[in-house]
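**Q** In my numbering, the protein residues as written are 49 to 291. Ideal placement from N, C-alpha and C gives every residue a C-beta, glycine not left out.
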Amino acid sequence: MLSHLQFPDHEMMSANTADIIADTIKADPSLVLCMASGHTPARTCELLVEKILNQGIDHSRLSFIGLDEWVGLPGNNEGSCRYFFEHKIFSPLQMDPSQYHLFDALSNDLETELRKMDQLILKKGIDLMVVGIGMNGHIGFNEPGTPFTSLCHVADLDEITTSVGQKYFKEVTTLSRGITVGLGHLMNARHLILIANGARKAGVVQRALEGPVDPSFPASIVQRHENVTIITDFEAASLLGKS
Ligand code: F6R
49 MLSHLQFPDH EMMSANTADI IADTIKADPS LVLCMASGHT PARTCELLVE
99 KILNQGIDHS RLSFIGLDEW VGLPGNNEGS CRYFFEHKIF SPLQMDPSQY
149 HLFDALSNDL ETELRKMDQL ILKKGIDLMV VGIGMNGHIG FNEPGTPFTS
199 LCHVADLDEI TTSVGQKYFK EVTTLSRGIT VGLGHLMNAR HLILIANGAR
249 KAGVVQRALE GPVDPSFPAS IVQRHENVTI ITDFEAASLL GKS
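If you want it as structure tokens, here you go:
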């Protein structure tokens with residue numbers, strides 16, 4: 049089942065997304081949560097931390113999986129996914145390192161990183177997965193052409209991803225590969241939430257929800273998921289129903 053919740057602006061969609069995540073943790077304190085980083089979920093993360101702390105929600109048994117990472121970037125680089133989660137979630141919630149699982153993008157054995165994450169996900173399962181959508185329709189670093197059955201893998205990033213990705217960095221940064229949880233794991237997540245905001249995402253949201261379901265546009269996979277919630281602001285939803 050696919051449902052679409054729309055809110056007037058990024059703040060309201062972030063507050064509602066944070067509510068859903070917080071309520072899900074409340075209902076199942078040993079939840080396995082897999083999340084994207086990036087500009088779309090940044091406010092959701094801040095509000096989620098506020099809600100967890102203000103409501104005293106038990107997060108001591110929460111397991112967290114980082115969706116992806118730029119290969120070769122150290123975790124102290126402000127544009128890395130590790131930096132994002134450490135500052136927005138792990139440190140404010142004082143999470144124990146045993147609770148979170150991120151790809152080591154500096155590893156010289158990425159194959160082992162991939163298999164470790166695959167095994168973890170196959171063993172625990174992902175209860176809730178919160179993802180964004182890129183300007184080329186990617187989810188995580190599942191770039192156009194990635195098979196819908198893919199497990200964790202290293203991807204050569206396409207030109208749109210490497211150029212749009214500069215927005216996370218203070219200086220021009222060489223980005224060429226990403227390590228990511230694959231679309232096969234996404235399909236098995238018990239609940240999938242895709243979030244998008246802003247007018248510039250309207251075209252990709254329309255293509256994801258109303259276009260052909262095809263690996264050339266990875267986010268179209270949401271149309272096949274059994275339990276997916278799309279959460280957008282009005283701008284990102286502005287082209288829906290117009291083609
Ligand atoms: C980041 C990630 C990416 C982003 C996507 C949208 O961890 O997985 O797929 O979700 O590129 O990025 P923003 O939210 O910055 O527009």
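Confirm, please, whether the CB-CB distance from isoleucine 181 to alanine 244 is below 9 Å.
**A** yes
**Q** So, with DSSP's three-state summary, where would you put glutamine 214?
**A** helix
**Q** Given 8 Å as the limit, tell me if isoleucine 187 has its C-beta closer than that to any heavy atom belonging to the ligand F6R.
**A** yes
**Q** Our contact map puts glycine 184 next to aspartate 206 with C-beta atoms below 8 Å; I'd like the distance itself, whole angstroms only.
**A** The amino acid at residue 184 is misidentified as glycine; the sequence shows asparagine. Contact holds; Cβ gap of about 6 Å.
**Q** Can you check the stretch 111-149 for any alpha helix (DSSP H) of at least 4 residues that lies completely inside it and give the ranges in chain order?
**A** You should have 129-133.
**Q** Go to arginine 255, then tell me how far its alpha helix (DSSP H) extends in each direction, as first and last residue.
**A** Judged by DSSP secondary structure, arginine 255 falls within the alpha helix (DSSP H) whose first and last residues are 250-258.
**Q** Serine 224 by DSSP, collapsed to three states: which one?
**A** coil
**Q** Tell me the DSSP secondary structure of aspartate 57 in three-state form.
**A** coil
**Q** So, for glycine 86: in the same chain, excluding its five sequence neighbours on each side, which residues have a beta-carbon less than 6 Å away from its beta-carbon?
**A** Here the set comprises Gly180.
**Q** Please name the residue or residues paired with histidine 239 in a DSSP beta bridge.
**A** Beta-bridge partners of histidine 239 (DSSP): Leu176.
**Q** Identify, in the order they occur along the chain, each residue of the same chain with its Cβ nearer than 6 Å to the Cβ of tyrosine 216, setting aside the five sequence neighbours on each side.
**A** These residues qualify, in order along the chain: Gly127.
**Q** Between the alpha carbons of glutamate 117 and glutamine 214, how many angstroms are there, rounded?
**A** 14 Å
**Q** Smallest Cα separation from alanine 63: which of Pro122, Leu231, Leu95?
**A** Leu95
**Q** Taking only the alpha-carbon atoms, compute the straight-line gap between lysine 172 and glutamate 59 and give it to the nearest angstrom.
**A** 32 Å
**Q** By how many angstroms is the C-alpha of serine 224 removed from the C-alpha of isoleucine 208?
**A** 11 Å
**Q** Would you list the residues sitting across from histidine 201 in a DSSP beta bridge?
**A** Thr228
**Q** Please classify alanine 75 as buried or exposed, where buried requires at least 16 neighbouring CB atoms within 10 angstroms.
**A** exposed
**Q** Thinking alanine 267 and alanine 256 are a contact (beta carbons under 8 Å), I'd like their distance in whole angstroms, please.
**A** 4 Å
**Q** Given a cut-off of 9 Å on the beta-carbon distance, is the pair leucine 239 and threonine 210 in contact?
**A** Before going further, note that residue 239 is histidine rather than leucine in the sequence given. Taking 9 Å as the Cβ cut-off, histidine 239 and threonine 210 do not qualify as a contacting pair.
**Q** Go ahead and label lysine 218 buried or exposed: buried means 16 or more other beta carbons lie within 10 angstroms of its beta carbon, across all protein chains shown.
**A** For lysine 218, the number of other beta carbons within 10 angstroms of its own is below 16, and it is reported as exposed.
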